[in-house]
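Accompanying notes for the structure given below.
Protein chains in written order, with our numbering: chain A, 198 to 353; chain B, 114 to 1324.
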């Protein structure tokens, strides 16, 4: 099958700030969930098409994550590598599933395509943030298998 | 009166816009109001009403209906109404006019009864009903027509149902025919309403038999909608939701009791469905039906209902949503019990009590109570317990008020619970076991009440509701009475206020296990009560104070409430202390409360001392067979009280953690954690009977009070409190040291804590001054007492602990004098026990704290005197030492100078330390390992003379470890080598746990010393010493390998010991084990793995709530555990009892104080699914899910990240 983007641009894996730099020393003080923490969760999701992580393909970026720990809201924007990427929904689904698994249930998560990042941006956004459609998608075993494969991270 | 022109226009011009039509209608209505009767209108519209064109007929009929709707008075009499009704009924068969006719019928029926003399009668209603039945096929109509048709049906049933029934109209058939296959939500709501009305009408007319006959058809209608599935479209204007429809359907079912035999099986079938919504709807329907139908209808179905509910209640929910269903099941059961009990029927509860599968429910409730996340489940399950409590009350022939609904005014509810509490009243001769069991149940019920009050909607308003506070006051008292096993015949409220001390009945002493559970449950209940949402003012503060008082009694006299074994007493004491701490935390806004609790503690301490002093000084030494009970309990009391003080300070400071963060406490806390706390913990001892009935003391390196207090120290308010407490305790201890000379433990602990508190007050001149003054007073007191151990011991202990606790800046100006005085005390005192060890601790602390320049010949000479005084049979040539400096290794006495053969005690010793002679090669170096006694060490039976081994020796060992550590940190290796050998020699003479704990305590010092030998500085300890690399090599060789082996040999048999042979390992020993595991070098760890690993799961479990456990040890232990999974041997050893291992790990994963522990525990848990079979893990899955839910929202990022990994591993 032809790849949608046969030659994606590969970016270097960033060196993120260590936990020690961001963790307070006091045991009683809360380390608020920040964009970097979210980014750490989703950076290693594998692209469904290429054996690269979303970070390497620059699909996700720390800058495109808005989180408010107090208000329990999270908005993650991602940028498909090409405007007509048919995998955009699947990538978004992977991000959503990953965040569903690792975040407290109190969070309202919005997964959006970066404005102008896709030809059918509105439709994809609508699909990704419709919980019933997400739930229906996760009833599909083959789709779940694909999501799980992506969530396992890049193979060494 | 003439017909307005607009009437004709309305009829003929149907295409006009709505505004025009409304205008024309209005004109006609005005004419009607002006006197135009409806019959006149009919006459004028005659041609239109009978016109050939259907539309004209329809519009004329509509005009009539509209005018009738607008102007009811247009009907001039009953006859007119009958005519119009007949007209509209007839027009129902005229399809073009149907919509207008049904509108007219609806209007007529709606106006029935509202306008006397001008509304339709039953006969007219029957005409309409007959026409409706004969001419209208509702299911075939469009939605817009079905709605008015069903409304007509609804109005017929509502206003003429009974009379039509008497007229012989088949209402059931009408309704069933009209509602067949209805799918529109608006129509369905009307259909449900019609069915409800059917139930009401037939029940009112006493014709339930008709319903019974038609039950199959009726049930067909109900069953096809249950459970209801409906998703309203986004643009729906009708505002009908799934919930409202489901609620209406449930009400419909409830209105038809004749369907019980069909409906209950359906509901129970849906209750077992895999669809969550079905289960939830079924539970809701069961609840409503039970409430509506009553026991007569339900009686044949009740056992089936119980089974269905039980299955849900006892199921193991896998996720939050399933958990909600379980909660709903609990609520359902609760409401069913309440409903039926209101009819004097407790059959449901009887079924539950007779059901053997429910016997585990109390246990599940207790388990659920341990985790906040399962509070909801707890509430629901305990609601069931509540029913059992009600049954118990009934069986005790206790009259109780009529049951109130769950959301009834709370004081009513509380009243009821109080009545339930009064079981069993005087005259009941219940077996003690049953008695305690009932008490346990009752207390659990009360816990439910407390939780429900806290979690129920509107609880915040309860805080300002005086009636609630008023009701809770006796509630508190009653709880106290029950929990304290107070005789119910004497249980008036005054007995609490007067400080009446409860006593255990004879019956209680025969049921120890349950008794202990009752006490612990009671204490937990008090804790729950303490954390009521009431802030401070309106709630009965005195009630809380009484509760605190009662708890303090529990702390000081655990025997009094249980009569159980020692371990149970400790558990109860710990729970009581924790409860009191919660109380203090709850009273955070009230300084009065906090101060009062502290006062209680101090008072309790004083009581301890008095009670102990009655036994007479020295009485503890008089009998070698058994220690005096007073002394033993005093020690336990002191330990519990100090724990509570620490915990209380923490609780009080908890809400002010934000203030803590603002304070630059790190350097101070680092110093305290490194130096002060271990020193203070030296004094924390407790006593317990030895393995063979001999008096044996257990050293507990229990720094919990200090550790916890440390966390609290930053808060300004708490700091003031600590200062006050410190002052009070110091004064108290000094005073008591003169009066009660045998109260070593209490005084030492009190002072250790006081000193610790004082150490937080570096910037507070008054406290510093007082601390210094305390030290000097103590020393002076010793000197004036002629260095007699009788008077000197407590005072020296005071001085030693205060010095050890205070950071350098707080030490008195002339430390040299102090060192001299202390060492003189240690040398001259006639008993080599606490005094000498306290002095040693002080000296070692000073040595570690003083700047290098301050250690001159005077200090070193004093220390040289001091050090050999510890192992008193090993005197040292004073002259050779006095000229030496501990910093200069060549000036320190060589091992050869230690004359072991001519050992002679410097002073007569009551408890001599019989050091066995060392081999002549005592001066061996690490390279000369063959001659080292450690190298040739083999475990051997303890000499008979050590059977009376007491905790004093363990203390001495700990102290010696301190001195060694101080020397190691200073690089004075020549001084510590001989001591090290003596230390090793002592270790091999320790036959039981106290010795092993001493050894492990020494092990702790070993770890510290090893760090000291490293290149690294000692961050956080305020000294930042950097030591040379050469010392590092020796430290490794000497300490980490040989000594560890020796200690392991000692620890191993103690860990293996079980009840009956030797004392079971306590928290201190497990802490020692943890430290040991953490300190094992890799090579040794591989070798010792088979010996040590089998204890690890138990250790994890025991340490999860053990006070002595410290975070670094726990992390090391958890890392060892995780590492062991990777080796086949380790895995087999660890997973032989997976339940214990998982429980321990899960408890540690919720270990709040240290994120590193939580993270390490989660890491170990994450590894489990890869190594342990899923069957073994399955039973823990639900608890694990709950744990991970919390962990994913942990306050610390590393824990959250690890929780995510663990969750993925477990799912």
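Note that beta-carbon positions come from the ideal geometry of N, C-alpha and C, so glycine has one too.
Spatial neighbours of residue i within its chain, please: CB distance less than 6 Å, with the 5 preceding and 5 following residues excluded, ordered by chain position.
i                       : result
residue 188 of chain B  : 151, 194, 231
residue 175 of chain B  : 213
residue 306 of chain A  : 271, 296
residue 1289 of chain B : 1251
residue 211 of chain A  : none
residue 1231 of chain B : 1273, 1274, 1277
residue 1255 of chain B : 1293
residue 1322 of chain B : 1279, 1282
Please determine, among the options, the residue with the shortest C-alpha to C-alpha distance to residue i.
i                       : options                        : result
residue 103 of chain B  : B:1263, B:213, B:364, B:266    : Within the shown structure, residues of chain B are numbered from 114 to 1324, placing residue 103 of chain B beyond reach of any answer.
residue 304 of chain A  : B:1315, B:1302, B:1323, B:1324 : B:1302
residue 1298 of chain B : B:241, B:1319, B:1206, B:159   : B:1319
residue 283 of chain B  : B:323, B:317, B:215, B:300     : B:323
residue 373 of chain B  : B:382, B:410, B:364            : B:410
residue 243 of chain A  : A:334, A:292, A:339            : A:292
residue 331 of chain B  : B:1186, B:290, B:1273          : B:290
residue 217 of chain B  : B:396, B:227, B:200            : B:200
residue 294 of chain A  : A:208, A:346, A:277            : A:346
residue 280 of chain B  : B:237, B:298, B:312, B:1269    : B:237
residue 202 of chain B  : B:191, B:227, B:222            : B:222
residue 1247 of chain B : B:329, B:1284, B:1267          : B:1284
residue 226 of chain A  : B:1315, B:1324, B:1307, B:1314 : B:1307
residue 1268 of chain B : A:224, A:281, A:259, A:283     : A:224
Let me check one thing: in DSSP terms, what residues is residue i bridge-paired to?
i                      : result
residue 272 of chain A : A:263, A:307
residue 243 of chain A : A:250
Residues in its own chain within less than 7 Å of residue i by CB, not counting five upstream and five downstream?
i                       : result
residue 354 of chain B  : 345
residue 168 of chain B  : 127, 209
residue 1243 of chain B : 1202, 1206, 1237
residue 230 of chain A  : 264, 266
residue 300 of chain B  : 256, 259, 260, 263
residue 334 of chain A  : 290, 340
residue 1253 of chain B : 1210, 1211, 1214
residue 146 of chain B  : 184
residue 314 of chain B  : 270, 274, 275, 278, 284
residue 249 of chain B  : 205, 262
residue 1317 of chain B : 1305
residue 445 of chain B  : 396, 399, 400, 422
I'd like the list of long-range same chain contacts for residue i, defined as Cβ closer than 8 Å, with 5 residues on each side in sequence excluded.
i                      : result
residue 279 of chain A : 201, 202
residue 136 of chain B : 119
residue 261 of chain A : 273, 274, 275, 276, 311
Can you tell me the Cβ-Cβ gap for residue i and residue j, rounded? I've got them flagged as a contact below 8 Å.
i                      : j                      : result
residue 251 of chain A : residue 240 of chain A : 6 Å
residue 180 of chain B : residue 141 of chain B : 6 Å
residue 449 of chain B : residue 403 of chain B : 4 Å
Item to check | Cβ pair count under 8 Å reaching 3, the region 1288 to 1296 of chain B against the region 243 to 254 of chain A | outcome: At 8 Å Cβ cutoff, the stretches do not touch.
Item to check | Sufficient close CB pairs (3 or more, under 8 Å) joining the region 305 to 323 of chain B to the region 358 to 365 of chain B | outcome: yes
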